[in-house]
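See structure below.
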Ligand code: GLV
């Protein structure tokens, strides 16, 4: 007696056509793996179909749209180390998030791994040397998130210098207020100096915003950068200049970090740097928490060594130093630099497209390194 079972087929590869002929009437063409599982007791897929692990919550309609015909797993929860370590074993590709622990040991488990598509600008969670040695392409998502991240950095700059979070807390707490010439005075921006550490895409976008608000920009970077677009924003600001870090810390009214986290930038803002800053100066960090020595920052803020801080990133996320949370002159945000919907869609699309291209034997659009 012939036993019959349903077969769910994902993708349009030749094997699917063969199965359709062999099992006419019982083979359903499915758009994704879950669909196939629902339809069939058996799921068939061709050898061209890759297994892609999405390690954290993702905009899955966008991701799936870029990866038709592949098996895409996850995307609805954060995978912890154990789950990632189990999943990576059979993965052809990973679509990753910035807190995934992709160290040498983890990467070593991915014997089939061809590409890591990091959905972020930064990739300090990935051991690039280990990936390179294993012949794995690593990609990230530059070019699509700098404007949104600079918007958020400038929001922090405005909030902390004009005390808007503190003022809002005051109102919401029902504290007495009236229009008062001397109440909640903040710092002015026109003619003030913004010191940018790292004039990449995000730093440059931040500088353009600052110039529009009448701030003069100085920056620290390894090489001179093209500052034409910054200087074109406002005829009333001074030409943008590259300076040594010591001058940047000593003369800026606001220091804003836009550098990657590397061995060189770890604790770049330490007790000495904070001591060198003006007492009236502010620190804005939308880069990586560990670029700042958080304990030193707490001391500097507590002792009035600097005037305030606007922080979107922290050394030990999601934990935030408890003292920071009690300080009125500190604005804290939960790492939402690029969290604008169109930006996150563009990031998801680019990360998935990079994966699709590498799996297809083509060069990635935005490889790292
Ligand atoms: C976020 O922090 C990113 O690197 O994109």
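In the numbering used here, the protein residues as written are 2 to 370. By construction, the Cβ of each residue, glycine as well, lies at the ideal position given by its N, Cα and C atoms. The model shown is predicted, which means the values in this text are computed figures rather than measured ones.
Selected residue, minimal CA-CA separation from residue i, among the options
| i | options | result |
| --- | --- | --- |
| residue 181 | 130, 168 and 54 | 168 |
| residue 320 | 341, 295 and 228 | 295 |
| residue 194 | 202, 253 and 214 | 253 |
| residue 66 | 368, 364, 366 and 355 | 355 |
| residue 297 | 219, 259, 344 and 315 | 315 |
| residue 102 | 81, 317 and 139 | 81 |
| residue 234 | 225, 218 and 224 | 218 |
| residue 53 | 105, 113, 79 and 100 | 113 |
| residue 280 | 138, 289, 250 and 286 | 250 |
| residue 231 | 202, 244 and 176 | 202 |
| residue 110 | 124, 86 and 132 | 86 |
| residue 166 | 363, 364, 329 and 358 | 329 |
| residue 94 | 199, 205, 313 and 116 | 116 |
| residue 305 | 286, 278 and 229 | 278 |
| residue 243 | 220, 289, 147 and 264 | 220 |
| residue 200 | 362, 68 and 288 | 288 |
| residue 205 | 229, 337, 170 and 186 | 229 |
| residue 226 | 241, 132 and 246 | 241 |
| residue 337 | 273, 245 and 121 | 121 |
| residue 360 | 213, 57, 137 and 248 | 137 |
| residue 126 | 247, 264 and 213 | 264 |
Cβ neighbour criterion (16 or more within 10 Å) applied to residue i
| i | result |
| --- | --- |
| residue 275 | buried |
| residue 349 | buried |
| residue 164 | buried |
| residue 339 | buried |
| residue 237 | exposed |
| residue 26 | Residue placement at residue 26 is flagged as unreliable, the pLDDT there being 35, under the threshold of 50; a coordinate-derived value is accordingly withheld. |
| residue 128 | buried |
| residue 83 | exposed |
| residue 107 | buried |
| residue 172 | exposed |
| residue 209 | buried |
| residue 78 | exposed |
| residue 186 | exposed |
| residue 119 | buried |
| residue 124 | buried |
| residue 345 | buried |
| residue 177 | exposed |
| residue 105 | exposed |
Nonlocal neighbours in the same chain, by C-beta distance under 6 angstroms from residue i, ignoring five residues either side
| i | result |
| --- | --- |
| residue 76 | 55, 59 and 61 |
| residue 347 | 145 |
| residue 342 | none |
| residue 89 | 110 and 111 |
| residue 211 | 195 and 218 |
| residue 239 | 217 |
| residue 184 | none |
| residue 286 | 258, 293, 312 and 314 |
| residue 57 | 79 and 98 |
| residue 149 | 339, 341 and 344 |
| residue 175 | none |
heavy atom of the ligand GLV below 7 angstroms from residue i C-beta
| i | result |
| --- | --- |
| residue 339 | yes |
Own chain, CB closer than 8 angstroms to residue i, minus 5 neighbours either side, in chain order
| i | result |
| --- | --- |
| residue 283 | 158, 161, 162, 188, 254, 255, 256, 307, 308, 309, 310 and 311 |
| residue 326 | 333 |
| residue 291 | 262, 267, 268 and 316 |
| residue 364 | 358 |
| residue 331 | 161, 302, 309, 310, 311, 312 and 325 |
| residue 213 | 234 and 235 |
| residue 135 | 108, 109, 111 and 114 |
Own chain residues within Cβ distance below 7 angstroms of residue i, not counting five before or after
| i | result |
| --- | --- |
| residue 351 | 142, 145, 366 and 367 |
| residue 64 | 55, 73, 76, 96, 349 and 353 |
| residue 299 | 322, 324 and 325 |
| residue 224 | none |
| residue 207 | 151, 154, 155, 197, 257 and 259 |
| residue 222 | 199, 200 and 243 |
| residue 215 | 190, 191, 192, 235, 237 and 238 |
| residue 369 | 124, 129, 139, 140 and 141 |
| residue 362 | none |
| residue 132 | 108, 117 and 139 |
| residue 91 | 52 and 113 |
(message) As a quick check of your reading: which residues have a C-beta less than 5 angstroms from at least one non-hydrogen atom of the ligand GLV, in chain order?
(response) So the residues near the ligand GLV by this Cβ test are 121, 122 and 123.
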